Each structure stands twice: as structure tokens, then as C-alpha cells.
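J.: Have a look at this one.
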Amino acid sequence: MEIIVYAILALLTLALIFGAILGFASVRFKVEGDPLVDQINALLPQTQCGQCGYPGCRPYAEAIADGDVINKCPPGGESTIASLADLLDVEPMPLDEAHGEEKPRTVAYIREDECIGCTKCIQACPVDAILGAAKQMHTVIANECTGCDLCVEPCPVDCIEMRPIEVTTKTWSWELPPAPVKLIATDAGRGHAA
Amino acid sequence: MTRKTWPLTGGIHPPENKHQSTQLPIKIAALPDKVVLPLSQHIGAPAEPIVAVGDYVLTGQCIARANGFVSAPVHASVSGTVTNIGPMAVPHASGMFEPCIEIQSDGLDQWVALKTNEDYASLSTEALLETIQQAGITGLGGAGFPTAVKLAARAESAIKTLIINGTECEPYITADDMLMRERADQIISGIQILQHLVKPTECLLGVEDNKPEAIVALKKAAKNTTIEIVVFPTKYPSGGEKQLIQILTGKEVPSGSLPADIGILCQNVGTAAAIHDAVILGKPLISRITTVTGEALQQPGNFEVRLGTPVDFLLEQASLHSEHLGRLVMGGPMMGFTLQSLAVPIIKTTNCLIAATQTELPPASPAQSCIRCGHCAEACPVSLLPQQLFWFAQGKEYAQLQHHNLFDCIECGACAYVCPSHIPLVQYYRGAKGIIRQQELMQQKAAQSKQRFEARQDRLAKETAAKEAKRKANAEKAARLKAAAAEKAASDQQPKQEIQAALERAKAKKAPNKSKPQLTAEQKELKIQLAMVSAQLKKLQRNIEQSESTPDVKQQEDLDRLQQQQQSLETALAAATPNDSNQAAPPVEKATTSNSKENASSGPDLKVLQIKLAQAKAALKKAERAYAAAAENNAADQDALQATIAGKQVALAEAEQALAKAKTSTEAPSPSKEAASKKPKKPPLDEKTKTLKIQVAMAKAQLRKLNKLAEHADTAPPKEEIEASEKALSEAESALAEHQQQPSSSLADA
Numbered sequence: 001m002e003i004i005v006y007a008i009l010a011l012l013t014l015a016l017i018f019g020a021i022l023g024f025a026s027v028r029f030k031v032e033g034d035p036l037v038d039q040i041n042a043l044l045p046q047t048q049c050g051q052c053g054y055p056g057c058r059p060y061a062e063a064i065a066d067g068d069v070i071n072k073c074p075p076g077g078e079s080t081i082a083s084l085a086d087l088l089d090v091e092p093m094p095l096d097e098a099h100g101e102e103k104p105r106t107v108a109y110i111r112e113d114e115c116i117g118c119t120k121c122i123q124a125c126p127v128d129a130i131l132g133a134a135k136q137m138h139t140v141i142a143n144e145c146t147g148c149d150l151c152v153e154p155c156p157v158d159c160i161e162m163r164p165i166e167v168t169t170k171t172w173s174w175e176l177p178p179a180p181v182k183l184i185a186t187d188a189g190r191g192h193a194a
Numbered sequence: 001m002t003r004k005t006w007p008l009t010g011g012i013h014p015p016e017n018k019h020q021s022t023q024l025p026i027k028i029a030a031l032p033d034k035v036v037l038p039l040s041q042h043i044g045a046p047a048e049p050i051v052a053v054g055d056y057v058l059t060g061q062c063i064a065r066a067n068g069f070v071s072a073p074v075h076a077s078v079s080g081t082v083t084n085i086g087p088m089a090v091p092h093a094s095g096m097f098e099p100c101i102e103i104q105s106d107g108l109d110q111w112v113a114l115k116t117n118e119d120y121a122s123l124s125t126e127a128l129l130e131t132i133q134q135a136g137i138t139g140l141g142g143a144g145f146p147t148a149v150k151l152a153a154r155a156e157s158a159i160k161t162l163i164i165n166g167t168e169c170e171p172y173i174t175a176d177d178m179l180m181r182e183r184a185d186q187i188i189s190g191i192q193i194l195q196h197l198v199k200p201t202e203c204l205l206g207v208e209d210n211k212p213e214a215i216v217a218l219k220k221a222a223k224n225t226t227i228e229i230v231v232f233p234t235k236y237p238s239g240g241e242k243q244l245i246q247i248l249t250g251k252e253v254p255s256g257s258l259p260a261d262i263g264i265l266c267q268n269v270g271t272a273a274a275i276h277d278a279v280i281l282g283k284p285l286i287s288r289i290t291t292v293t294g295e296a297l298q299q300p301g302n303f304e305v306r307l308g309t310p311v312d313f314l315l316e317q318a319s320l321h322s323e324h325l326g327r328l329v330m331g332g333p334m335m336g337f338t339l340q341s342l343a344v345p346i347i348k349t350t351n352c353l354i355a356a357t358q359t360e361l362p363p364a365s366p367a368q369s370c371i372r373c374g375h376c377a378e379a380c381p382v383s384l385l386p387q388q389l390f391w392f393a394q395g396k397e398y399a400q401l402q403h404h405n406l407f408d409c410i411e412c413g414a415c416a417y418v419c420p421s422h423i424p425l426v427q428y429y430r431g432a433k434g435i436i437r438q439q440e441l442m443q444q445k446a447a448q449s450k451q452r453f454e455a456r457q458d459r460l461a462k463e464t465a466a467k468e469a470k471r472k473a474n475a476e477k478a479a480r481l482k483a484a485a486a487e488k489a490a491s492d493q494q495p496k497q498e499i500q501a502a503l504e505r506a507k508a509k510k511a512p513n514k515s516k517p518q519l520t521a522e523q524k525e526l527k528i529q530l531a532m533v534s535a536q537l538k539k540l541q542r543n544i545e546q547s548e549s550t551p552d553v554k555q556q557e558d559l560d561r562l563q564q565q566q567q568s569l570e571t572a573l574a575a576a577t578p579n580d581s582n583q584a585a586p587p588v589e590k591a592t593t594s595n596s597k598e599n600a601s602s603g604p605d606l607k608v609l610q611i612k613l614a615q616a617k618a619a620l621k622k623a624e625r626a627y628a629a630a631a632e633n634n635a636a637d638q639d640a641l642q643a644t645i646a647g648k649q650v651a652l653a654e655a656e657q658a659l660a661k662a663k664t665s666t667e668a669p670s671p672s673k674e675a676a677s678k679k680p681k682k683p684p685l686d687e688k689t690k691t692l693k694i695q696v697a698m699a700k701a702q703l704r705k706l707n708k709l710a711e712h713a714d715t716a717p718p719k720e721e722i723e724a725s726e727k728a729l730s731e732a733e734s735a736l737a738e739h740q741q742q743p744s745s746s747l748a749d750a
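Protein chains in written order, with the working numbering: chain A, 1 to 194; chain B, 1 to 750.
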């Protein structure tokens, strides 16, 4: 009987000590914010376009951290899905077409002689990439534009268009060569596995 | 004594094919009809045109200035007219267009005045660098980095070793070889200028042993100089900057750093010659030696060609058999690229044109599977793992590629050359590099967008918070005002309630009388009018009181007018009442004399008047209080407040007068009735009362007079006088009240 009491007391003491240590650690080494959300957010393309149905990339990152699917980001496309799948250790899935399709990056362009200076697009721009004032012509700071399309719809005179980003000799790069030709039928599948 | 050299890691020995173009001396190419000068023939920002279409330019005239630090100007290579400035085909692997300046030659080749300078040693470093920069000299070896920038950056960091690259290792190319053979003096002179600029402890000119004529010429020219000609075995790619440094010094340039970081500066022999031309002769870089070779040409050789000369024009001078031309390569066969058009110009970095036949440079054989032979790794001059990089590139594992130092790859093509499976390895590396660069760019942009988005969110949140705070403050203010108003209303309510109670009492008293009200039409009309006027008056009074400011003249007038109206109405009503039937008389008085009817009808009238009197008194008190407060705080309001007091006093006096009148009219005819009735209002008037009353009346009159004076004149009469008269009045009144045994004038004292 006595031994049981001692055992219980010993266990209780241990529990108290470890509880205290854990409690102290949880206060002392508290992690501010959710690092997972930050990690997910870092992988998203930050266009802030809202095509995923959330108001910006971070809210979607939070939603993913809470268990939402990873295939709702058309601007990020397959590469973003792949990296998210890698991070979260889930199966990569094809892009959800309901949210749009992966398109080449574009940049907004304001046809300036048509602009009436209503500032509606300025309010819509999530990254403040449109310059202008009331009754003054607006223009897009092309370097800052994420190509999110959000300014196109509010324009009352439809003077904003999305133009593909032009490739110059500075941004051009070599293509990866096409997959090697299989000379023999039995070669199929070889030379691919890394 | 021969200097020790270190062997190149890896490397290959491809067929040299150099002899074709070294049979003839350097030929001066004919002047083209037009030249196309791209604004970006160098690494860095494109130059900025300073001429316009239609301008006449001379040979050697600057037509586009350097735009930024890492940039180089462009000079007209012929004299003639600028015919076009805009995007034109340029020699680039992509086959894309770039902004260029097109000059139609006048065939005269008129030069600008050249500023020669034999004694460069007298020039300062800055002046020399400026001269080199203004001459538009870029690295002529292949990359085209602005030479002045490379030299200027070295000015701070101590350069121990100056290495001149005479190692033309790629097959076919002989431009530097021929230059060294024929213009060794020029090269040595240029090197001496470089030595003067960077002041190295040693200067090595590295040449491969497959150029004996060049070595002889250089050694001859370099006699009596500190320049050491170092000869080492031929192997591709010894001519790479980092490879040459390793061969000559045994030092390895660390990954991601520059030769200058280990105290070494490397320049091409062609660049040295151009520096000589620029500094000594004052000639800007408008021409270069280009090897034109390949089996499709009848007369391959080296040409000193003006920059901007169209490729087809130059090929014609080497007698091109266009029907044999299979592939036109700019640069060497290992690192060059296929030109997609013959209309592109020769630029500063064009060291070779290979017009190859189909058999000479056949299309690449189809790639087969990697057999993991490992030859590529042996051939790699940078000690990378080409096979591994290939797998990762195929699997699009970009992180792994970077981890395996893909960006140290110099794309020399040695691995692909030795690959038995003909895998286009360099293409994989180039493609992967492009994708990684693009991804990095995207990431940078994403970070930038994120920052901007967050800044915007912060700003919006701040704006909303500011708005919210403002709204809250407004709401609080409104609530405070409302509370104050409610308090005031409550305090107002009290007298009102009292009045209400008094009225109810009066009503209760009247209630039995009212059992048969049966008022005549005239009475009704009058009463309604009276009620309306009273209501108006009350409202006005309330307004004046609530506004807290002094009533203006109009309000005062309205007040007076309404009071008068009320009085007259009351009188009219009173007058109408005696004619009334006895039905209105209270039953108690019915039993007594008929006079009682009068009393009964005037009873409520009196009450009304008394109430009015009380109100007027309250108003006066309030005004006085306000005046006292104002006197304490601010003298500015005093006059106005005094006027208010005066107005109130007049009202009070009037009310009192009216009451007195009513009382006399009621009391005088029915002294007996008052006594007889159960609750007489006033005792019968005796002599004493009369005297007192007269006194009261007199005091009142005096007060009124004074008040009137106060009302009209801005210069108020002495306040003490008014107060004294008021005191007299109150004394008289109290005396009267005391005298009256049954004081029923409780209302009057309120």
C-alpha cells in the first residue's frame, strides 16, 4: 500500500516538474504568428488577384493552412501547386479550372487619352501600382503591376487592357530541349528517371 | 626560363580548323552602303541615341551616349545620314529585334577630328578611363563588358596580376591570332597603357602553343617591357577568363566572385589593341577584326570590318557560295549561336562568322539516353557534374541544380562534345538557367508586391481607424450634448411639473365648476385664442432660455407682443365671462350672491395670471443668475444679459400688474363673498391693506420705469437703483402679504 502511495507521489512530482518546464517553454519560446502561413504565403505569387476567392494571397495562405485545397491559384499555376504540395506533403492536383486558367503574366495598360480620371482603378489596385488623381490621367507603373485584372472591371470607360509582358533580348532565355527521341521501343521510360 | 603553368582541369581537343582563315593577312573590309548599329552591343544598359533621323554624321562621331554606369557609347562607323532609329534585327540567339541606329553611308568615310595623345603617361587615371569610356570600348573577347567599368572598379582594389588573354581556344576563330601576328606592337602599347592604369606587379600574356607566329611577333614586340609572354599547351577551353587565370597562376576564382577579388584583372588582346587606338590615336571603337570562315566561303580570312556592317555584305567579300551555306554561326562552333537572318550587323563582340556547309556542321544527332559513362564530368573545366545537372534539369529540380552550382557552368560545350549519346547538355543548362532566373525574378516581384500590398493594407487600416475614431468622437460629443439637453429638460421639467401640478390643482378646483362648462361660442373662441397665444409665448420663452444666448431684439419683441396679446385676450375673456350665463358659476357660489358668478369666472383667470407671474419671476431669477455668472467670467456679455434681465423684469411687472388688476376687479365687488366663501382668496380690504397696496403699486411703477429706461438706453441705469427699487417692491409686497391674514398668494411667492 505504502509503495503505491510513493509511486503516485513520485509520478505526481514528475508531472508537476515537467508541466512547469513545458509551461515555461511555451511562454519563453512562443512563436509569434503562424510560420506555416508565412511559408505558404511565400510560395504564392502575390498577385493579390483574388481569383482563389479570398481577398489576397495571405488570406488564401491562411485558408490553405486551415485545410483548403492548394489548386485555386491560377497565376501561380502548376509550379505553385507543385511547391505547395511539396511544402504541405500532399499530392499535387491539377489547377481548379473554376478559378481560372494559367495564363502568361500580363501587365495592365491604360489608354491614356481615353482615361477620364475617375480614380476607380486606383482604389481597386491591390499594390498601388496606378498613378493618378481625380480628373487627371492615370497611368500604370508597369514594374509594380502584378497583372491581377482587378482594375479592368471598375473602369467606367473601359480604357484599361491587359497586355502580355513582352519578351526582350534581355529577358529572353533558351528553351529546355524537347524530350529525347526514343530510338528503340524498349528505351521508352529510360533516361527519365532521375 | 619558362614560367610554370598549371594544367587546365578537364577540357577537350576538338579539331582546330584554324588554318583556313590564317592563309591571308587581315583584309580591310569594304565600306558598306549602310550600317546598323545596335544600341546594346555590350553588357549593361543600352546606349541613348543623341542623333536624330536625317542628321549627317561623321565616322567616329558619337551617336549614342552611355546610359548609366554600366554602359558604353556607340559611334558612327561610317560617315553619312542617319536614316532610321528603331528596332531592327540584331545578332542574338533569339532572333529578336532591338533598337538600332541605321546610317546610310555617303561612301566618303569622313572622320571626325581625332585627338591623338602620344604621351598617355602624363594623363591622370581619371582622364585615361574617361578616354577609354568615351571610345566605347567593351571586352572584345566575347562578353562585351564595358572595359572602362571593369578598369574603374579595379582602381580601388589592388591588382597584382594583369593577365592578357591571347588564348583563342575555340576552333575556327583566328581573329586574335591574326591580330597578334600583325599588330603585336599595337597590343603591347595597349597593354602598357593598362599597366600604367592598374599598376600590377606582374603582367602575363597567355598564348596557346598552336600560335607560333603570334608568339614570335609578341615576343619581339614585348622586348624591353615587363610583359611576360606565357605559352602553354593548347586545350579547349583555356581561353575562358577563370580557366586562363587557373592555367597561368594556379589560382582558382571562387564560385560567385570575380577575378579582381583575388587580385587579378583579365583583358583580351583585341581590347588592348582598341585601348591603344583610343588613347594614342584617339580613335573610338568603330571596327574590329572578325574571322570569316567556313566551307561555304571561297576566300575565308580575317577582316577588319566596320561595326554595323551587315553580315551578308561581309560574307560576299569572302565570296560566299550561298547555295552551299547550311548553317551560319556567329561566334565559334562550340559557344556560338546560329544566325536566323543574314541581315544582322557585325557588332563589337562578333569575333567570328562561320558559313558552314551541311556536312561541316551537321545538325545534331538525335539525343539518346544517358549511359552514365561519366565522360562529361571528365571534360568539365569547372569540375561540375554535368550528368547530374542533366538529370536535375530534366526533372525540373531547380533547387538541386542550384545546389550543384549550375551557375558556375561556363557553357563551353565540352560535356556535350564528348557525350556519346549526343545529349544537348548545354541546352539543358541554358534552359534551366533561364527558368531559374525567371523564377528568381518572379520571387523578387512577389516580394515587392507583397510589401506593397501590405503597405496598402496598413494604410487602409489606418484610414479606417482614423475614420472610426472620428466617428466615435462625434458620437460621444453628440451623446454629451444630448445628456446635457436631457438634464436641462429635466430641470425645466421640474417647474413645469410644478406648474402642471398647480394647473391640475386649479383644474381640480374647477372640476366641479366644469361639470357644466357650456361655454358660449365667443368664450370658446377667446379661450382657444388665449391657449394658442399662451402656448406660443411659452414656446418662445423656452426657446430663449434654452438658447442660453441673450434673446435678440426680434425675440424680445415677439415676447412682448405675445404677452400683450395674451393680456388683451385675457381681458376680453374676462369681459366676456360676466355676460355669460350663470351656468358656469360654481355650485358653492351659486348658493350665495349672484356676484359670486363673477368671482367664479375670474377665479381661474387669477390663477393663470399668478402662474404667469411665477413664470416671469423664475425667468427673471434665471436671467439674473446668468448675468452674475457672466459678470464673473466675461464682461462682454454683460450688457446683453442686462437687457434680458430688464425685459424679464418688465414681463414680471406686467404680470404683477395684470394680477393686481384682476384681483382688484375680483375682490373689489365681492368682499363679503370672499368672507362668506369657505376658502376666501383675499381678506376684505381694510385701510392698511390699501395703503400697502398703493405702496406696492408705486414701487412697481418705479421699477417699471427704471426697467424701461434700461431697455431703451444702451447705457444701463445703475443696477443698484433697480435692485433698490426691486427691494422696495418686495418689501412692500411682503408687508402686504403679512398684513393679509389668510395668505392665499402662495403662488405669487413662488
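All C-beta atoms in this analysis are idealised placements derived from N, C-alpha and C, irrespective of residue type, glycine included. Every value quoted in this text rests on a predicted model; they were computed, and no experiment measured them.
Which one of 462/B, 127/B, 58/B, 166/B has the shortest CA to CA distance from residue 114/B?
T.: Position 114 of the second sequence, counted from the first residue, corresponds to residue 114/B. Of the candidates 462/B, 127/B, 58/B, 166/B, the one whose C-alpha sits nearest the C-alpha of residue 114/B is 58/B.
J.: List in chain order: all unbroken beta strand (DSSP E) runs of 3+ residues lying wholly within the region 131-217 of chain B.
T.: List check, beta strand (DSSP E) in window: 161-166, 202-208.
J.: Could you compute how far the alpha carbon of residue 701/B sits from the alpha carbon of residue 732/B?
T.: As a working note, residue 701/B is residue 701 in the second sequence. As a working note, residue 732/B is residue 732 in the second sequence. Straight-line Cα distance between these residues: approximately 13 Å.
J.: How about residue 424/B: is its C-beta nearer than 8 Å to some C-beta of chain A?
T.: For the purposes of this step, residue 424/B is taken as residue 424 along the second sequence, with counting starting at 1. Yes, because at least one Cβ of chain A sits closer than 8 Å to the Cβ of residue 424/B.
J.: Return the chain-ordered list of same chain residues with a C-beta closer than 8 Å to the C-beta of residue 143/B, the five sequence neighbours on each side being excluded.
T.: The sequence position of residue 143/B within the second sequence is 143, counting from 1. So the qualifying residues of the chain are 43, 349.
J.: Taking only beta-carbon atoms, is residue 164/A less than 8 Å away from chain B?
T.: As a first step, residue 164/A must be located in the first sequence, where it is residue number 164. No, because no Cβ of chain B sits closer than 8 Å to the Cβ of residue 164/A.
J.: With residue 227/B and residue 191/B assumed to form a contact (beta carbons below 8 Å), what rounded beta-carbon distance in angstroms separates them?
T.: For the purposes of this step, residue 227/B is identified with residue 227 of the second sequence, where counting begins at 1. For the purposes of this step, residue 191/B is identified with residue 191 of the second sequence, where counting begins at 1. Their Cβ separation, rounded to whole angstroms, is 6 Å, which keeps residue 227/B and residue 191/B in contact under 8 Å.
J.: Checking the sheet assignment: what are the DSSP bridge partners for residue 62/B?
T.: Position 62 of the second sequence, counting from 1, holds the residue named residue 62/B. Answer by DSSP bridge pairing, in chain order: 75/B.
J.: Going by alpha carbons, who is nearest to residue 433/B out of 407/B, 422/B, 421/B?
T.: By one-based count along the second sequence, residue 433/B stands at place 433. When only C-alpha atoms are compared, the closest one is 407/B.
J.: Span of the beta strand (DSSP E) holding residue 58/A?
T.: Here the question's residue 58/A lines up with position 58 in the first sequence. Where residue 58/A is concerned, there is no enclosing beta strand (DSSP E), although the alpha helix (DSSP H) it sits in stretches over 57-65.
J.: Which residues of chain B have a Cβ atom closer than 8 Å to the Cβ of residue 177/A, listed in chain order?
T.: Here residue 177/A is taken as the residue at index 177 of the first sequence, counted from 1. 367, 424, 427, 428, 431, listed in chain order.
J.: Quick check on the DSSP output: the beta strand (DSSP E) that includes residue 109/A runs from which residue to which?
T.: Reading the first sequence from its first residue, position 109 is the one you call residue 109/A. Note, residue 109/A: beta strand (DSSP E), 106-110.
J.: I'd like to know whether the C-beta of residue 90/A is nearer than 8 Å to at least one C-beta of chain B.
T.: Here residue 90/A is taken as the residue at index 90 of the first sequence, counted from 1. Residue 90/A does not count as touching chain B.
J.: Kindly indicate if chain B contains any beta-carbon less than 8 Å away from that of residue 48/A.
T.: Taking the first residue of the first sequence as 1, we reach residue 48/A at position 48. Closer than 8 Å to some Cβ of chain B, the Cβ of residue 48/A qualifies, so yes.
J.: Going straight from the alpha carbon of residue 147/A to that of residue 170/A, what length do you get?
T.: Walking along the first sequence from the start, residue 147/A turns up at place 147. Walking along the first sequence from the start, residue 170/A turns up at place 170. About 20 Å.
J.: Measuring only the C-alpha atoms, how far is residue 151/A from residue 116/A?
T.: Working through the first sequence from its first residue, we reach residue 151/A at position 151. Working through the first sequence from its first residue, we reach residue 116/A at position 116. Rounded to the nearest angstrom, the two C-alpha atoms are 14 Å apart.
J.: Less than 8 Å between CB atoms is the rule here; does residue 769/B satisfy it with respect to chain A?
T.: Outside the shown range of chain B, which is 1 to 750, sits residue 769/B, and nothing can be said about it.
J.: By the criterion of Cβ-Cβ separation under 9 Å, what are the contact partners of residue 56/A in chain B?
T.: Indexing the first sequence from 1 puts residue 56/A at position 56. Near residue 56/A (Cβ distances below 9 Å), the residues of chain B are 453, 457.
J.: Could you compute how far the alpha carbon of residue 316/B sits from the alpha carbon of residue 413/B?
T.: Looking up residue 316/B in the second sequence gives position 316. Looking up residue 413/B in the second sequence gives position 413. So the two alpha carbons sit approximately 30 Å from each other.
J.: Note down, in chain order, every chain A residue with its Cβ under 9 Å from the Cβ of residue 438/B.
T.: If you number the second sequence from 1, residue 438/B lands on position 438. Near residue 438/B (Cβ distances below 9 Å), the residues of chain A are 171, 173.
J.: Using a Cβ cut-off of 8 Å, pull out every chain C residue sitting near residue 92/B, in sequence order please.
T.: You won't find chain C in this structure, because its protein chains are A and B.
J.: Going along the chain, which residues of its own chain have a beta-carbon closer than 6 Å to the beta-carbon of residue 142/A, five neighbours each way excluded?
T.: Against the first sequence, residue 142/A aligns to sequence position 142. If we look at residue 142/A and ignore the five residues flanking it on each side, its Cβ neighbours are 107.
J.: Would you kindly work out how many angstroms separate the C-alpha atoms of residue 225/B and residue 76/B, rounded to a whole number?
T.: Indexing the second sequence from 1 puts residue 225/B at position 225. Indexing the second sequence from 1 puts residue 76/B at position 76. When rounded, the distance between both Cα atoms is 35 Å.
J.: List the residues of chain B that residue 127/A touches, going by C-beta distances under 7 Å, in chain order.
T.: Within the first sequence, numbered from 1, the residue matching residue 127/A stands at position 127. What residue 127/A touches in chain B: 449, 452, 453, 456.
J.: Residue 77/A and residue 95/A: beta carbons closer than 8 Å?
T.: Along the first sequence, read from residue 1 onward, the residue named residue 77/A stands at position 77. Along the first sequence, read from residue 1 onward, the residue named residue 95/A stands at position 95. In contact: residue 77/A and residue 95/A (Cβ atoms closer than 8 Å).
J.: So, is residue 704/B buried or exposed, given that buried needs 16 or more other C-beta atoms within 10 angstroms?
T.: Here residue 704/B corresponds to residue number 704 of the second sequence, with the count starting at 1. Residue 704/B comes out buried.
J.: For residue 567/B, which residues from the same chain have a beta carbon less than 6 Å from its beta carbon, with the 5 sequence-adjacent residues on both sides left out?
T.: Reading the second sequence from its first residue, position 567 is the one you call residue 567/B. Around residue 567/B: 658.
J.: For residue 10/A, which residues in the same chain have their Cβ closer than 6 Å to its Cβ, ignoring the five residues on either side in sequence?
T.: The residue you call residue 10/A lines up with position 10 of the first sequence. Same-chain partners within the cutoff: there are none.
J.: Which partner residues of residue 80/B appear in the DSSP bridge assignment?
T.: Counting from one through the second sequence, the residue named residue 80/B turns up at place 80. In DSSP, residue 80/B forms a bridge with 57/B, 105/B.
J.: Please name the residue in 359/B, 425/B, 369/B, 420/B whose C-alpha comes closest to that of residue 813/B.
T.: Given that chain B is displayed from residue 1 to residue 750, the structure contains no residue 813/B and the question cannot be resolved.
J.: Within a Cβ cutoff of 7 Å, which residues of the same chain sit near residue 269/B, ignoring the five residues on either side of it in sequence?
T.: Working through the second sequence from its first residue, we reach residue 269/B at position 269. Contacts found: 164, 165, 166, 176, 179, 180, 187.
J.: Quick one: what's got a C-beta closer than 7 Å to residue 442/B's C-beta in the same chain, skipping five residues either side?
T.: Within the second sequence, residue 442/B is the residue found at index 442, counting from 1. Around residue 442/B: no qualifying Cβ.
J.: Can you pull the chain A neighbours of residue 335/B, defined as C-beta to C-beta under 8 Å?
T.: Stepping through the second sequence from its first residue, residue 335/B is reached at position 335. Neighbours of residue 335/B on chain A: none; closest Cβ ~13 Å, over 8 Å.
J.: Of all the CB atoms in chain A, is at least one closer than 8 Å to the CB of residue 96/B?
T.: On the second sequence, position 96 is the one that residue 96/B refers to. Residue 96/B counts as touching chain A.
J.: Please report the distance separating the alpha-carbon of residue 17/A from that of residue 5/A.
T.: The residue labelled residue 17/A in the question sits at position 17 within the first sequence. The residue labelled residue 5/A in the question sits at position 5 within the first sequence. Distance between the alpha carbons of residue 17/A and residue 5/A is about 18 Å.
J.: In this structure, how does DSSP classify residue 164/A when only helix, strand and coil are distinguished?
T.: As a position in the first sequence, residue 164/A is number 164, starting the count at 1. Strand.
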